[in-house]
Amino acid sequence: MKKIESFRSLSKEEQIEKLAQETIDASLVKETLNRFTIADPAYKELLENLSENTLALHMLPFGIAPNVMINNTLYHVPMVTEESSVIAAAASASSFWAARGGITATVNGTTKQGQVHFRITNHLDTFSLDQEAINREILSKTSHLTESMRKRGGGIIGIKWVKKEVPFKGYLKCDVDFETMDAMGANFINSCLEAIGRITTEWILTNHPDTECEVIMAILSNHYPDCTVTASVSAPVEMMGWQGHDGRIMAKRFVNAVLIAKHEIQRAVTHNKGIMNGVDAVVLATGNDFRAIEAACHAFAAKEGGYQSLSDAWIKDNIFTFSITLPLAVGTVGGLTKLHPLAKTALDILGNPSASELMMIIASIGLMSNFAAVRALTSTGIQKGHMKLHLTNLLMSYNATKEEMKLAADWFKDKEISSLSVKEFIEQTRNSNPPING
Ligand code: MEV
Numbered sequence: 107m108k109k110i111e112s113f114r115s116l117s118k119e120e121q122i123e124k125l126a127q128e129t130i131d132a133s134l135v136k137e138t139l140n141r142f143t144i145a146d147p148a149y150k151e152l153l154e155n156l157s158e159n160t161l162a163l164h165m166l167p168f169g170i171a172p173n174v175m176i177n178n179t180l181y182h183v184p185m186v187t188e189e190s191s192v193i194a195a196a197a198s199a200s201s202f203w204a205a206r207g208g209i210t211a212t213v214n215g216t217t218k219q220g221q222v223h224f225r226i227t228n229h230l231d232t233f234s235l236d237q238e239a240i241n242r243e244i245l246s247k248t249s250h251l252t253e254s255m256r257k258r259g260g261g262i263i264g265i266k267w268v269k270k271e272v273p274f275k276g277y278l279k280c281d282v283d284f285e286t287m288d289a290m291g292a293n294f295i296n297s298c299l300e301a302i303g304r305i306t307t308e309w310i311l312t313n314h315p316d317t318e319c320e321v322i323m324a325i326l327s328n329h330y331p332d333c334t335v336t337a338s339v340s341a342p343v344e345m346m347g348w349q350g351h352d353g354r355i356m357a358k359r360f361v362n363a364v365l366i367a368k369h370e371i372q373r374a375v376t377h378n379k380g381i382m383n384g385v386d387a388v389v390l391a392t393g394n395d396f397r398a399i400e401a402a403c404h405a406f407a408a409k410e411g412g413y414q415s416l417s418d419a420w421i422k423d424n425i426f427t428f429s430i431t432l433p434l435a436v437g438t439v440g441g442l443t444k445l446h447p448l449a450k451t452a453l454d455i456l457g458n459p460s461a462s463e464l465m466m467i468i469a470s471i472g473l474m475s476n477f478a479a480v481r482a483l484t485s486t487g488i489q490k491g492h493m494k495l496h497l498t499n500l501l502m503s504y505n506a507t508k509e510e511m512k513l514a515a516d517w518f519k520d521k522e523i524s525s526l527s528v529k530e531f532i533e534q535t536r537n538s539n540p541p542i543n544g
């Protein structure tokens with residue numbers, strides 16, 4: 107590979123040309139990049155301008171998990187995912203629970219936090235901050251930034267100061283609580299925090315001239331322990347039967363499987379990955395920040411000191427309960443939510459929910475994804491369903507025709523699906539005339 111000089115100042119056509127020259131099949135790379143774009147100039151400009159050096163638009167399937175019953179309301183939930191089993195699993199679990207009273211969800215809190223980290227010199231031991239005075243100054247001097255958010259019912263809702271000798275001598279931290287209503291609020295929070303850094307430095311300079319104060323950084327935290335939502339389902343153990351497996355046995359096995367994920371990190375990570383399959387798909391579909399959600403959920407999974415399952419299951423008085431609590435800082439206004447045409451459509455399909463309602467929907471889909479995975483793992487095993495759904499992908503890698511797809515669906519009804527068996531099927535089908543039949 108050769109270095110490409112001033113890549114960002116080249117036109118898109120030049121970027122594609124230069125990049126393609128560095129690949130084995132330049133014409134295929136060019137053709138593919140040029141093909142994955144949008145004809146409509148309005149959307150093309152909007153989507154391409156979301157990020158720098160955009161050469162094409164990456165497409166992922168946008169699908170629906172229909173009939174998800176949450177707090178007695180029915181939702182058809184948009185999900186964006188490339189993994190063939192994710193929507194099918196969420197839909198199957200949702201339909202199972204819709205027949206058993208649906209999902210119950212509650213928002214526990216919506217407070218988000220950010221910090222300004224300072225280093226102060228001199229008199230750390232004796233320097234004592236008049237917290238009330240500085241907080242008053244901060245609230246008054248940030249009022250122009252918070253005005254619109256306050257009108258909507260949010261704003262800065264708490265300021266705390268911590269002085270420490272770790273991680274270095276003279277560490278001062280300002281912990282700020284925010285309510286951002288229906289916005290995820292990242293830009294709002296970061297603007298306030300940077301202003302708080304400046305206001306504090308000035309205030310210390312005026313009130314403690316013998317103390318030097320340096321802002322190290324000001325940034326929101328993606329750790330959201332006070333912005334969480336709980337979703338749960340419950341039913342008598344007798345109603346937990348599935349695919350011929352007895353309900354009481356299924357319920358006990360399920361509880362044990364979740365207990366394993368509480369205690370064994372190897373299982374916990376995979377268990378939580380299954381939850382994030384559903385969570386990320388709705389977060390992506392609604393134009394929210396899935397990296398922030400991933401980081402927050404995994405930190406939350408480690409809140410007891412070790413990494414654990416994010417969900418819990420138990421049986422009490424013959425009732426099976428399955429529950430999840432997740433930190434979900436999402437928005438239904440601002441950011442990409444109304445800018446990206448498909449994110450806007452996803453929110454329209456959900457009935458334009460508030461951020462709190464969206465938190466409940468996302469946690470519910472996370473719970474359903476987890477339920478479907480653990481139910482399969484503790485009964486039929488996961489591969490049967492996965493490979494059935496993966497069959498189309500395997501066939502597509504051989505450019506299978508519609509006719510071959512139909513034949514394969516029939517052929518593999520009662521046979522094991524694997525890369526090898528699909529390869530053999532394609533070879534035999536193409537070599538035999540007429541094609542093989544069951
Ligand atoms: C695969 O994407 C997700 C699972 O591995 C989750 C799990 O094991 O619980 C099936």
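Residue numbers for the sequence shown follow this note's numbering, beginning at 107 and rising by one. Where a beta carbon is used, it is the ideal one built from N, C-alpha and C, also for glycine. The model shown is predicted, which means the values in this text are computed figures rather than measured ones.
Secondary structure at Glu-285: strand, using DSSP grouped into helix, strand and coil.
Approximately 5 Å separates the beta-carbon atoms of Gly-220 and Leu-299; this is inside 8 Å, confirming the contact.
Within 7 Å of the C-beta of Glu-188 there is not a single heavy atom belonging to the ligand MEV.
In this structure, DSSP gives Tyr-149 a helical state, which the three-state scheme calls helix.
Only exposed fits Ile-371, as fewer than 16 other CB atoms lie within 10 angstroms of its CB. The beta-carbon separation of Leu-497 and Ala-514, rounded to 6 Å, stays under the 8 Å limit for a contact.
Boundaries for Asp-316: no beta strand (DSSP E) harbours it, and the DSSP string shows neither H nor E there. For Leu-251, the secondary structure class from DSSP, reduced to helix, strand or coil, is helix. With respect to Met-290, Asp-395 sits close: the two C-beta atoms are nearer than 8 Å. Note on Arg-397: under 16 other CB atoms within 10 angstroms of its CB, so exposed under the neighbour-count rule. In this structure, Ile-325 keeps its C-beta atom at 8 Å or more from the C-beta atom of Thr-317. Taking each of His-223, His-314, Val-272, Lys-266 in turn and checking the Cα distance to Ser-234, the smallest one comes out for His-314. Ranked by Cα distance from Tyr-181, the first of Ala-408, Ile-209, Ala-132, Met-255 is Ile-209. If you check the C-beta of Ala-205 against the ligand MEV, you find no heavy atom less than 7 Å away. In the DSSP assignment, Glu-320 is bridged to Arg-225.
Residue range 508 to 517 is occupied by the alpha helix (DSSP H) that includes Trp-517. Straight through space, the alpha carbons of Ser-157 and Asp-288 are spaced by roughly 24 Å. By the CB criterion at 8 Å, Pro-184 and Ala-391 fall inside the cutoff. Taking C-beta separations shorter than 7 Å and ignoring five residues to either side along the sequence, Ala-205 has no partners in its chain. Distances from the CA of Ser-190 to each of Gly-491, Gly-264, Asn-537 were compared; the closest alpha carbon is that of Gly-491. For Thr-535, there is no enclosing beta strand (DSSP E); the residue is found in the alpha helix (DSSP H) stretching over 525 to 537.
Distance check between Glu-344 and each of Thr-427, Phe-224, Ala-145, Ile-295 places Thr-427 closest, using alpha-carbon atoms only.
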